[in-house]
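Asker: Below you'll find the structure I mean.
Protein chains: 2
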Amino acid sequence: MTSILFRNATVLPMTAEADAPKYFTGWVGIVGNRIERVEAGDAGADEFLAAHPDARLFDCRGKLVMPGLVNTHCHAAMTLQRGYADDIALMEWLNDYIWPFEGRQTADDVALGMTLGIVEMLLGGVTSFVDMYYHEDRCVEVAERMGIRAMLGCNYFDSNIDEVFPQIERAEAAAAGSLRVQIAVAPHSAYTVSPENLLRGRKLADRLGLRMMTHVAETRDEVRIIGERFGCTPVEHLDRLGLLDERLIAAHCVHLTDDDLRTLVERRVVVSHNPQSNMKISSGVAPVERLRKAGACVTVATDGTCSNNDLDMWEELRTASFLQKSYTGDPCALPAYEALRMATVNGARAFGLEGLLGVLRPGALADVVVVDLRKPHLQPVHDLVGNLVYCGKASDVETVVVDGRVVVEKRQIEGIDLERLYADVAAAVERIKRA
Amino acid sequence: MTSILFRNATVLPMTAEADAPKYFTGWVGIVGNRIERVEAGDAGADEFLAAHPDARLFDCRGKLVMPGLVNTHCHAAMTLQRGYADDIALMEWLNDYIWPFEGRQTADDVALGMTLGIVEMLLGGVTSFVDMYYHEDRCVEVAERMGIRAMLGCNYFDSNIDEVFPQIERAEAAAAGSLRVQIAVAPHSAYTVSPENLLRGRKLADRLGLRMMTHVAETRDEVRIIGERFGCTPVEHLDRLGLLDERLIAAHCVHLTDDDLRTLVERRVVVSHNPQSNMKISSGVAPVERLRKAGACVTVATDGTCSNNDLDMWEELRTASFLQKSYTGDPCALPAYEALRMATVNGARAFGLEGLLGVLRPGALADVVVVDLRKPHLQPVHDLVGNLVYCGKASDVETVVVDGRVVVEKRQIEGIDLERLYADVAAAVERIKRA
Chain A
1 MTSILFRNAT VLPMTAEADA PKYFTGWVGI VGNRIERVEA GDAGADEFLA
51 AHPDARLFDC RGKLVMPGLV NTHCHAAMTL QRGYADDIAL MEWLNDYIWP
101 FEGRQTADDV ALGMTLGIVE MLLGGVTSFV DMYYHEDRCV EVAERMGIRA
151 MLGCNYFDSN IDEVFPQIER AEAAAAGSLR VQIAVAPHSA YTVSPENLLR
201 GRKLADRLGL RMMTHVAETR DEVRIIGERF GCTPVEHLDR LGLLDERLIA
251 AHCVHLTDDD LRTLVERRVV VSHNPQSNMK ISSGVAPVER LRKAGACVTV
301 ATDGTCSNND LDMWEELRTA SFLQKSYTGD PCALPAYEAL RMATVNGARA
351 FGLEGLLGVL RPGALADVVV VDLRKPHLQP VHDLVGNLVY CGKASDVETV
401 VVDGRVVVEK RQIEGIDLER LYADVAAAVE RIKRA
Chain B
436 MTSILFRNAT VLPMTAEADA PKYFTGWVGI VGNRIERVEA GDAGADEFLA
486 AHPDARLFDC RGKLVMPGLV NTHCHAAMTL QRGYADDIAL MEWLNDYIWP
536 FEGRQTADDV ALGMTLGIVE MLLGGVTSFV DMYYHEDRCV EVAERMGIRA
586 MLGCNYFDSN IDEVFPQIER AEAAAAGSLR VQIAVAPHSA YTVSPENLLR
636 GRKLADRLGL RMMTHVAETR DEVRIIGERF GCTPVEHLDR LGLLDERLIA
686 AHCVHLTDDD LRTLVERRVV VSHNPQSNMK ISSGVAPVER LRKAGACVTV
736 ATDGTCSNND LDMWEELRTA SFLQKSYTGD PCALPAYEAL RMATVNGARA
786 FGLEGLLGVL RPGALADVVV VDLRKPHLQP VHDLVGNLVY CGKASDVETV
836 VVDGRVVVEK RQIEGIDLER LYADVAAAVE RIKRA
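Sequence order for the protein chains is A and B. The numbering used here puts the first residue of the first sequence at 1, with every later residue one more than the last. The numbering used here puts the first residue of the second sequence at 436, with every later residue one more than the last.
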């Protein structure tokens with residue numbers, strides 16, 4: 001088994017109790033795909049090296065070692081449409097740009113778009129992501145090859161359910177035995193998928209032992225449509241169908257009643273907050289601070305690159321905090337450490353890996369990033385957590401380990417020729433637009 | 436005279452008329468501190484090289500050449516307090532942290548903090564900034580040495596006006612003859628400076644031929660205080676005193692009446708919008724879209740690093756656009772190109788350099804940045820401007836030229852030892868906190 005030692009590091013394990021110090025100088029030892037030891041000081045490091053003489057050694061002076069970030073909602077392959085339709089109204093956006101483009105792209109195009117998305121995420125310290133898109137069966141191989149941890153949600157509407165369900169079975173077969181890739185059942189939303197087809201999704205998920213995800217209460221229009229159709233809110237509708245539990249990722253949750261909020265807490269639903277997307281496409285502001293204080297599991301995510309337009313979790317974290325401070329009128333709302341917990345500790349629950357992901361502690365999965373703290377925007381250090389959340393950049397990430405494997409080193413991804421990737425993406429995009 | 440040729444570049448001159456193409460493949464030639472030629476194609480480049488055989492040549496394949504960004508409101512030396520007091524209420528922030536810290540720092544500390552701030556800004560493509568702080572007389576030398584373009588606003592309250600005014604005279608003497616550094620008179624605000632002392636500032640500014648800046652309508656509290664004291668809004672109060680004209684930079688302008696808005700337009704005041712600061716300290720949301728559509732000169736700025744916490748104009752641009760889309764409920768609000776105009780073309784007006792700064796055209800000042808477009812988050816290119824505004828990062832900036840001088844090359848600032856700077860900053864901060 002391979003092993004890795006991060007030594008002389010500032011360590012931010014994301015395991016600190018309320019008022020305890022959040023970080024310390026120390027070392028982290030990895031064996032196989034697990035974290036074996038996380039300790040202050042340097043004493044145990046020699047012992048670790050003696051036990052694992054072949055360990056790869058990273059000297060982390062001036063560097064931070066922390067859990068990788070977890071992006072709980074995105075459409076990674078939509079990188080192909082990044083900037084394709086900015087600053088226009090929603091229906092024009094969908095009808096004239098997004099849907100025609102998507103109608104013309106092949107499974108290989110989707111795999112290519114996802115490759116670009118994963119490159120961007122890995123270089124920005126995202127070690128796990130939850131995807132929701134088409135052709136996810138084709139993408140299992142991409143996620144496996146790129147070394148990232150992924151939950152691939154197979155998106156379906158009423159119109160294509162019979163096409164997607166076999167894909168889910170194929171994807172599940174392709175991912176069987178994978179340590180890093182899991183498949184999920186992803187009805188688009190309660191306003192685009194009938195109750196019957198939502199329940200068919202639930203049944204399939206139960207049969208295959210899969211998690212689910214869907215868009216919930218993203219826009220006022222959605223709330224109105226569900227109200228007219230079913231006489232209740234989207235959350236109530238999904239609850240009546242029995243879809244709300246800790247195995248569901250509910251993306252957005254912008255427009256909630258007090259009852260909706262309580263329901264999401266009681267059912268232990270994983271809420272995925274997408275602040276930049278909500279801002280860019282004018283969806284509204286999610287009541288994250290109220291959800292959080294009520295005990296909901298709130299995570300943070302980028303959404304797709306058509307409504308963001310990047311996959312940068314550092315900016316997303318920061319925007320989550322700033323937006324709550326602005327929206328609530330309280331500068332103490334969503335403090336830095338809590339925002340970071342959303343992107344790590346809470347994110348783990350989206351994968352059903354609470355305590356095993358998003359934390360550095362013995363036994364946890366070895367998803368670790370090294371951040372270079374010797375940057376002008378991260379100096380001086382009054383409060384490292386504040387610096388990270390309010391100033392940290394994707395470009396500060398230097399090394400990324402997923403499942404015990406070094407996938408980014410000195411900001412390079414092994415085995416990826418970026419110029420070739422950009423050329424392939426450009427060619428695919430031209431072909432799709434011309435088609 | 437030195438000369439520079441940027442060849443084979445994507446050129447974004449920020450001079451395009453409404454529906455004309457915004458960028459093209461071409462070249463930019465600089466002679467001395469001015470841009471001499473900006474042209475599509477490559478034909479004229481050889482001619483330029485023949486006329487300037489010693490020109491430094493930058494091959495800009497895969498790179499963008501654009502005007503440097505203009506940050507119209509910051510307190511650069513507050514880098515020393517970055518992260519010193521996050522997530523706490525305003526009065527506690529000021530009374531227990533900021534003011535005691537500031538009371539203990541020396542002019543040399545301020546110069547050190549400004550050095551760090553300028554390093555961060557230059558590396559992020561900011562070629563001009565408007566500062567507002569103490570000991571600006573000490574900082575003239577810093578801005579001169581670092582090669583950035585600066586307007587240094589000497590901040591005063593009623594309590595220290597007699598201390599600051601001589602500093603203004605000294606600063607003005609120190610900056611006399613500088614091509615890049617100008618001094619400004621900066622009363623803190625209408626609620627902390629009496630009408631008499633505001634007018635004394637105006638008189639001094641007139642005598643020395645200086646511009647002015649102040650905080651305007653940043654918080655509800657300020658509006659309430661001015662209302663109680665003078666029976667009018669902050670904008671009305673400043674207007675009655677005759678302070679509103681195109682020589683004033685009004686920072687924030689969050690809480691405005693319709694009349695205030697019209698007054699700011701009519702008086703041609705330069706409005707400095709600070710979206711991340713307004714969000715982080717819960718000041719409210721400035722009506723940027725209404726101001727812009729009414730014809731106001733709206734610029735964009737980072738504010739200080741205690742309320743941001745970085746000096747990253749790319750994130751600020753993006754947040755400005757996202758926040759207006761969220762606040763107005765209109766996804767078409769503050770489109771990408773208009774946001775970029777705020778940070779370039781409009782920013783020039785803060786310096787009284789309209790048409791000479793923030794644009795690439797013959798005769799304009801040679802403040803130019805080169806952005807590396809071969810980044811995953813900037814691919815593919817459906818719309819370069821959208822990519823820049825919604826995805827561009829400070830770390831994408833590769834080369835920075837200010838006033839015809841190359842100050843950043845391959846992301847390095849000539850003559851700056853960053854490790855030494857960080858150590859000096861850390862030592863200063865420890866001393867100040869212990870004092």
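Glycine residues also receive a C-beta, built at the ideal position from the N, C-alpha and C atoms. Since the structure is predicted, the reported quantities are computational estimates derived from the model, not experimental observations.
Does DSSP put asparagine 530/B in a helix, in a strand, or in coil?
Answerer: Looking at asparagine 530/B - three-state DSSP - the assignment turns out to be helix.
Asker: For asparagine 743/B, I'd like the list of residues in its chain whose CB is within less than 7 Å of its CB, leaving aside the five on either flank, ordered along the chain.
Answerer: So the qualifying residues of the chain are Gln711, Ser712, Lys715, Thr737.
Asker: So which residues on chain B does alanine 190/A lean against when the C-beta distance must stay under 9 Å?
Answerer: Per Cβ cutoff of 9 Å: no residues; alanine 190/A is ~22 Å from chain B at best.
Asker: Taking its Cβ as the centre, do 16 or more other Cβ atoms sit within 10 Å of methionine 549/B, making it buried, or is it exposed?
Answerer: Under this definition methionine 549/B is a buried residue.
Asker: For a test of the three-state rule: what should DSSP assign to glutamine 412/A, helix, strand or coil?
Answerer: In this structure, glutamine 412/A counts as strand in the three-state DSSP scheme.
Asker: Since isoleucine 183/A contacts glutamate 246/A with CB under 8 Å, what's their CB separation in whole angstroms?
Answerer: With a Cβ gap of about 18 Å, isoleucine 183/A and glutamate 246/A do not count as contacting.
Asker: Looking only at C-alpha atoms, which of Val805/B, Val816/B, Thr437/B, Arg840/B sits nearest to arginine 846/B?
Answerer: Checking every option, the nearest Cα to that of arginine 846/B belongs to Val805/B.
Asker: Could you check which residue in His382/A, Asp396/A, Leu421/A, Ile413/A has the C-alpha nearest to that of methionine 513/B?
Answerer: Ranking His382/A, Asp396/A, Leu421/A, Ile413/A by Cα distance to methionine 513/B puts His382/A first.
Asker: Contact defined as beta carbons within less than 8 Å: I believe glutamate 289/A pairs with alanine 333/A. What is the distance between those atoms, to the nearest angstrom?
Answerer: Right, their Cβ atoms sit about 5 Å apart.
Asker: Which residues, taken in chain order from the segment 81-92 of chain A, show a beta carbon closer than 7 Å to some beta carbon of chain B?
Answerer: Of all residues in the segment 81-92 of chain A, Arg82, Gly83, Tyr84, Asp86, Asp87, Ile88, Ala89, Leu90 have a Cβ within less than 7 Å of some Cβ in chain B.
Asker: Span of the beta strand (DSSP E) holding leucine 210/A?
Answerer: Taken as a continuous stretch (DSSP letters only), leucine 210/A belongs to no beta strand (DSSP E), as it is neither H nor E.
Asker: Are the segment 754-771 of chain B and the segment 788-797 of chain B touching, with three or more C-beta to C-beta distances below 8 Å?
Answerer: Contact between the segment 754-771 of chain B and the segment 788-797 of chain B is absent, because fewer than three Cβ pairs lie under 8 Å.
Asker: Looking at alanine 250/A: is its Cβ nearer than 8 Å to the Cβ of leucine 264/A?
Answerer: Yes, the pair counts as a contact, with Cβ atoms nearer than the cut-off.
Asker: Under 8 Å Cβ-Cβ, which residues of chain B neighbour proline 21/A?
Answerer: Those within 8 Å of proline 21/A in chain B number zero; the least Cβ separation is about 15 Å.
Asker: Should the segment 834-846 of chain B be called in touch with the segment 599-607 of chain B, which here means at least 3 C-beta pairs below 8 Å?
Answerer: With a cut-off of 8 Å, the segment 599-607 of chain B and the segment 834-846 of chain B do not count as touching, because too few Cβ pairs lie within range.
Asker: Is there a Cβ from chain A that is less than 8 Å from the Cβ of tyrosine 568/B?
Answerer: Taking Cβ atoms only, chain A never reaches closer than 8 Å to tyrosine 568/B, which makes this a no.
Asker: Taking contact to mean at least 3 C-beta pairs separated by less than 8 Å, is the segment 416-435 of chain A in contact with the segment 771-786 of chain B?
Answerer: Judged by Cβ distances under 8 Å, the segment 416-435 of chain A makes no contact with the segment 771-786 of chain B, as fewer than three pairs qualify.
Asker: What residues from chain A crowd round arginine 809/B, counting only those whose CB sits closer than 9 Å?
Answerer: Within 9 Å Cβ-Cβ: Leu418, Glu419, Tyr422.
Asker: Using DSSP with H/G/I as helix, E/B as strand and the rest coil, what is leucine 492/B?
Answerer: DSSP places leucine 492/B in strand when its eight states are reduced to three.
Asker: Compare the C-alpha of threonine 127/A against each of Val119/A, Tyr133/A, Tyr134/A and name the closest.
Answerer: Nearest option by C-alpha distance: Val119/A.
Asker: Is asparagine 274/A close to chain B, meaning its C-beta is less than 8 Å from at least one C-beta of that chain?
Answerer: Asparagine 274/A does not count as touching chain B.
Asker: Under 8 Å between C-beta atoms, does glutamine 602/B make it to chain A?
Answerer: No, because no Cβ of chain A sits closer than 8 Å to the Cβ of glutamine 602/B.
Asker: On a Cα-Cα basis, can you pick out the residue from Tyr772/B, His690/B, Arg580/B that is closest to glycine 850/B?
Answerer: Out of Tyr772/B, His690/B, Arg580/B, Arg580/B has the C-alpha closest to the C-alpha of glycine 850/B.
Asker: Scan the segment 325-357 of chain A for residues whose Cβ lies nearer than 7 Å to a Cβ of chain B and list them as they occur along the chain.
Answerer: For the segment 325-357 of chain A, which is checked against every Cβ of chain B, the residues closer than 7 Å are Lys325, Ser326, Gly329, Asp330, Pro331, Cys332, Pro335, Ala336.
Asker: Consider the Cβ of asparagine 872/B: report whether some Cβ of chain A lies at a distance smaller than 8 Å.
Answerer: Here chain B has residues from 436 to 870 only, and residue 872/B is not among them.
Asker: What are the start and end residues of the alpha helix (DSSP H) that includes phenylalanine 322/A?
Answerer: Residues 313-328.
Asker: Assuming the contact rule is C-beta atoms closer than 8 Å, glycine 124/A and leucine 373/A should be a hit. Round their C-beta distance to whole Å, please.
Answerer: With a Cβ gap of about 16 Å, glycine 124/A and leucine 373/A do not count as contacting.
Asker: On the DSSP letters alone, give me the boundaries of the alpha helix (DSSP H) that histidine 237/A sits inside.
Answerer: Segment 234-240, the alpha helix (DSSP H) holding histidine 237/A.
Asker: From the DSSP secondary-structure annotation, give me the bridge partner or partners of phenylalanine 441/B.
Answerer: DSSP output for phenylalanine 441/B lists Val463/B, Phe493/B as bridge partner(s).
Asker: Select from the segment 259-283 of chain A all residues with a C-beta closer than 9 Å to any C-beta belonging to chain B, and list them in chain order.
Answerer: Result list: Pro275, Gln276, Asn278, Met279, Lys280, Ile281, Ser282, Ser283.
Asker: Taking the Cβ atom as the reference point for each residue, do serine 189/A and aspartate 765/B lie within a distance shorter than 8 Å?
Answerer: No, they are not a contact pair.
Asker: Please confirm whether phenylalanine 129/A has its beta-carbon closer than 8 Å to some beta-carbon of chain B.
Answerer: No, because no Cβ of chain B sits closer than 8 Å to the Cβ of phenylalanine 129/A.
Asker: So if DSSP puts asparagine 590/B in a beta bridge, which residue, or which two residues, is it bridged to?
Answerer: Bridge partners of asparagine 590/B: Ala621/B.
Asker: Run down chain A in chain order and give the residues with a C-beta less than 7 Å from the C-beta of phenylalanine 757/B.
Answerer: Correct list: Gln276, Met279, Lys280.
Asker: Rounded to whole angstroms, what's the CA-CA distance from glutamate 47/A to glycine 83/A? Just pull it up for me.
Answerer: Cα-Cα distance, rounded: 52 Å.
Asker: Mind pulling the alpha helix (DSSP H) runs of 4 or more residues that sit fully within the segment 763-805 of chain B?
Answerer: You should have 771-777, 780-785.
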